[in-house]
Every structure is written in C-alpha cells, then in structure tokens.
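Residue numbers (this note's numbering), protein chains in the order written: chain V, 1 to 313; chain L, 1001 to 1315.
First the structure, in the form of structure tokens, and then the observations on it.
This is the structure:
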C-alpha cells in the first residue's frame, strides 16, 4: 500500500503557561528560551517558537485571571469585538491567534504543542480534536514507542475545528500534551523530565518527517471522549457531598464496568456506576470542580492510520 | 507503680475547637468541618464541648490559600493588638476575631485545645505538628493517637525553633495541635487523606474524653522531628528558581538525608548535593505554598521526648 503524502511541518510553537499554575510547561518554555539565548536559533533542528501563553496568570501562579483561556479559542470568541470589559484571556487569545494563526487560514503555524499538567493520574496524554490528522496521529504513535516510563495515551474530542475552544486548534496540526499527576503550583522533576522528553521527541519526529523518513501506518489505540460525570451534590447548596471513591481514584484509563464504585459519600455510602463499560480519565482534576466534572468517560477504539511521508515539491 | 510526685496534674480540657479552612484551598479540613457544622454527632464526647469552625471563610469561598496575607502567620502580638482601622488586611481582622472567640491568646480564658486541619502537597503522610516540647497534655495525646493509628504512622513535627516558628491560628489555645495530611493537591479532595484526618480526630477526641473522665496516662516517650533549617531552591538574580527538588529527594519526607545525597536538579540536568554535616530528616518537601516563602523543604533532627504521667486535677 502506498504512502499518504503530506506537506512539510515547517514551523512549530511550544506553548507553556496557558494555565498559569501548570508549572512544567512554564519552566520548559523558560528553559528553551534560555537555550536559544545561549546557543542561538539553530539549537533545534526545526524552527521553534516558544510562547508563554498567559503571562499574567503565570506571574500570579493562578489558572487564569478572568476566565479560562483554554476555552477562548473557538472561532466565535476569536472574532468577537474586544471592549474594556472583555476578560483579559479573551484579549490574549485574540493576540495569540494573530501571532500563531489566524486559525483556519493558510498562514497559521503548522504545529502547536500546548503543555499542561493535571492533578489526575494520566501519565502522558496527547489530546486533540480529530481522528484524521495523520501528522498528529503519527506523532502520538512515535511517542508511544519512544517514551516508556509512563503510559502514553491519546484522547480525541471529535469537535469541529471552528467550535474547538483550546489553543492548539489555532494551528494546522496541534495537540495538548497533558502530564500528571502533579499538584498545581508545584514543579516535580520527574514530570518536568517526562514532558521535556515528549517535546524533544515531537521535534525529533517532525525533523525526521520533513527530511523524508517514511513512517509506517498501523493501528493506534485511542480514547474518544463520550461524556462527563459530575460529583453528587447537595440539591440546595450545590456543595459536594461525596468524594471520588478510593477504588476509582488514580485509575485513569482503567475500564469502568457496571457495579464498580464511583463515589464515597461523607456518610459512608458507595455510589456505583450503572451504565455501559467506558474508560474514565481526568479523575479528580482540581480545575474541574468548578466546571462540574468529577471525571470524563471515553470509548476505546483502534484507529487505523496510513503510512505517511513528506510531499516533495 | 509510679510515685505520686511523678504524675503531673493538669486541668481538664473542656473547650475544644476544630478549625478547617485556615488555608482556603486545603480541602479535607474544610469538608470535615462543614460536615460537622451540619451534624456534630461524630465529634460529640462526654465532658467536653467541641466547636467546628471555618477559620478563613472568604479564602474558602474563593478556594485560595488566603485573601491578603497568610492567616496561619497572622497571630502575632502586633496583629492581635492592632486597632480596628479601615484598610486592615482581611486575615488580620480575622485573627483578631478568632482571638476574641477562642482566646485571648495566653490568657486563662483561652480555649483548651484547638486542632487546626491542613493539607500539604508534600508526601508527609499524617503528620502532627507541635509547638512545645514541654506541653505534657499534647505529648500524651500524640502518644495515644500514634498507638491508636498503628500500623499507620503519624510522624510528629516539633517547631520550637526561634527563627522558624510562626504565629499559628491554633496558637490562640492552651494546647495547639496542627494536623498536616498529604500528599494532596490544593483544591482537591482525596478520600484516603480525608479519612485519615477524620480517624486521627476521632482518636484525639477519645483521648480528651478519657482524660477528662479521670483516666491516668502513664509516663511515655514520643519520637519527634525537631525543626532545624529551612532550605530554599537555588534562584537566579531575578528570584526565579533555577532547579527542582531532585527525583531522589522528591516524596522522601521523613527519610534520612546525608551529606552527598542528591538534593536539587537544575533544569538543564545538573545535580546539586546536600552538604550538611549530619543526617537530617527533611519534611515539607516541595510544598506548593512554600515557593513564595523561599522554602523547598525543611530539615529536622530526630529526638525522643519523655513525658510524665498525667491525670486531671481533682479539686
């Protein structure tokens, strides 16, 4: 079977601090900027732009100042008029769209790798929007073979790009690199090193691809987002009245079956899962309490991907 | 059989408080106290009154450590005697209010015991924090808790160091006890951490009830880790950290650290080693809230404290 020919992945952006308290990306971007100062632009084999996405939130070590910036990149919000009362992050998202996009246009940067941390036990998870971006899928497959200290998994959201609300939807290809568990506001050396390796391997794949390497197709196991589940809450106050069950805590991507425990109420009762078998992830992510999400559920499929190589002009 | 002169007679502990939310994003204490405010049955004991209390409600509402300043550093004599002027920081106002309800600090009218519930991102397990090596009531209570929790261990941090100690919320009471349970990210509630804290408090209240009923507690020894030195991250001239806690030190709270052991790892991969002369026991390793306080970890020295037998004063 022949190759699918794809254009060069010419320019890449590595973004950190999209959430200002997710520290690995902040320090990776700072370290990459230091390397560039010391060793010049040729420090990486391909052109890489480094971006500290939300500098005000980084300075205050907070997820965001006014609103979650990683929900501000839908086409609708990117084209909305900015006024004095617009949230800081909407302004900044439009600024980043001008720098790295415009989203959906031929001038958009080829690849965004947006660096995030989670309090969930998700190892290294690559998140993107579509099942048929072969550059993204091949990078995922490559990282799965190269990184062995933790599981490397792929989550797909299946949202049309115009509705896609996160930063990596601005570029032609792009994904979020989510590494955990790490508390927000903390930098762990093991998590930093893992994410750094993920970024280095991404650059490595792009450089090999652009030089003409043929990457064989095959199957990639992916998790397709299906729905999210909230905590049990007091009907009057909306406060949580249960916590993630100890048998679910830290078991991201382990199959959840009917009858498995989900939550433990403060009075000691177990709430059980009653639906079809699915795969939970983002279990007990700190930032999702305010979004009404205790965990997400996904279906697991094996996605066939074609052999790819760079299109020679 | 111990002779009468070796038994210390102490006042009953009739007024006890449990504080949650001294830091508004340390979730176990907040949820426990809210639960007990709604239904106090679990914390009721004969012979004492136990008051659950949210120390910093505005910080809890925003799920942030503090609004203006750290409440758990705010109970200084200057703050507690500050006049009620406009523009007083929220936590200073709060400290004065707490001192009014549960103090005054240092007076005979102060609450007998305050348990202050905290979480940490450090791997400290179920740590109990004491502020005095001569508080016999607290030492005996800690001994009771440790035996009741076994085989689960409860390390004891003693912070009596003149430069490292600080004016805690609980210091308003005659017998202050800090509970520091981790690891748990800020803003997150983990079931295992929640239940550990709940169980420690159950045993603590059982102890107080037994003591108040006249039970004599024999002499005991308590292993403590005495606060020794604060170690900061290496920083550049702008104050940014230039290295991370080394993977060999990360999560190794309460394990011995010796000269030559890895301590920090720079972002470009170089190891920095511990140079101290003697073995220390590090704690609060990589606590999120301490980056701004210039602390990567605290070193401690292991010590055994002896406590006399105690029983309540009979009038």
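Glycine included, C-beta positions come from ideal geometry on N, C-alpha and C.
Quantities reported herein were computed from a predicted structural model and do not represent experimental measurements.
- DSSP places residue 91 of chain V in the helix class (H, G or I) of the three-state scheme.
- Per the C-alpha coordinates, the member of L:1288, L:1183, L:1031, L:1020 positioned closest to residue 234 of chain V is L:1031.
- Sequence-ordered contacts of the region 1183-1196 of chain L with chain V read 1185, 1186, 1187, 1188, 1189, 1190, 1191, 1192, 1194 [C-beta pairs closer than 7 Å].
- Nearest C-alpha to residue 158 of chain V among V:51, V:137, V:129, V:149: V:129.
- For residue 1281 of chain L, the enclosing beta strand (DSSP E) covers residues 1281-1283.
- Cα atoms of residue 243 of chain V and residue 69 of chain V: separation of roughly 28 Å, rounded to the nearest angstrom.
- For residue 1228 of chain L, the enclosing beta strand (DSSP E) has its first and last residue at 1220-1231.
- For the region 35-53 of chain V, residues whose beta-carbon sits nearer than 9 Å to a beta-carbon of chain L comprise 35.
- Chain-ordered, the chain V residues with CB closer than 8 Å to the CB of residue 1288 of chain L read 183, 184, 185, 186.
- Considering only beta carbons, the part of the region 231-249 of chain V lying closer than 8 Å to chain L consists of 239, 240, 243, 244, 245, 246, 249, in chain order.
- A direct Cα-Cα distance of roughly 27 Å separates residue 23 of chain V from residue 254 of chain V.
- For residue 1178 of chain L, the enclosing beta strand (DSSP E) stretches over residues 1175-1182.
- When DSSP states are grouped into helix, strand and coil, residue 225 of chain V belongs to the strand group.
- Under the Cβ criterion (8 Å, minimum of three pairs), the region 1088-1104 of chain L counts as touching the region 1167-1180 of chain L.
- Using a Cβ-Cβ cut-off of 7 Å, residue 1155 of chain L is close to nothing in chain V; its nearest Cβ partner there is about 20 Å away.
- Residue 118 of chain V and residue 1190 of chain L have their alpha carbons spaced roughly 15 Å apart.
- Taking 7 Å as the cut-off, the Cβ atoms of residue 209 of chain V and residue 252 of chain V do not count as close.
- Taking a cut-off of 8 Å for Cβ pairs, the region 1181-1197 of chain L and the region 1133-1145 of chain L do not touch, as fewer than three such pairs fall below it.
- Annotation: residue 104 of chain V to residue 121 of chain V spans about 33 Å, alpha carbon to alpha carbon.
- Between residue 1267 of chain L and chain V, the shortest Cβ-Cβ separation is below 7 Å.
- Linking residue 54 of chain V to residue 18 of chain V through their CA atoms gives a straight-line distance of about 5 Å.
- By the Cβ criterion, the region 1244-1255 of chain L is in contact with the region 1277-1288 of chain L, since at least three pairs of Cβ atoms, one from each stretch, lie closer than 8 Å.
- Near chain L, meaning a CB-to-CB distance below 9 Å, the residues of the region 272-291 of chain V are 284, 285, 286, 287, 289, 290.
- If you check the CB distance, residue 171 of chain V and residue 109 of chain V come in under 7 Å.
- Separation of residue 6 of chain V and residue 62 of chain V (C-alpha to C-alpha, rounded to the nearest whole angstrom) is 39 Å.
- Here residue 136 of chain V has 128, 173, 175 as same chain residues with Cβ atoms under 7 Å from its own Cβ, once five neighbours each way along the sequence are excluded.
- Around residue 1027 of chain L, the same chain offers 1189 as residues with beta carbons nearer than 6 Å, after the five sequence neighbours per side are excluded.
- Counting C-beta pairs with one atom in each stretch, the region 1224-1234 of chain L and the region 1203-1216 of chain L have fewer than three that are closer than 8 Å, which means they do not touch.
- For the C-beta of residue 1121 of chain L, the chain V residues within less than 7 Å are, from N- to C-terminus, 183, 186.
- Within the region 1191-1279 of chain L, complete alpha helix (DSSP H) segments of at least 4 residues are found at 1191-1212, given in chain order.
- Per DSSP, residue 265 of chain V is one residue of the beta strand (DSSP E) stretching across 261-265.
- Residue 1247 of chain L belongs to the set of residues whose beta carbon lies under 7 Å from a beta carbon in chain V.
- Residue pairing by DSSP puts residue 309 of chain V in a beta bridge opposite V:5.
- Under a criterion of Cβ atoms nearer than 8 Å, the residues of chain V adjacent to residue 1250 of chain L are, in order, 188, 189, 190.
- Residue pairing by DSSP puts residue 1116 of chain L in a beta bridge opposite L:1019, L:1178.
- Residue nearest to residue 1239 of chain L within the set L:1047, L:1291, L:1118, L:1259 is L:1291 (criterion: CA-CA distance).
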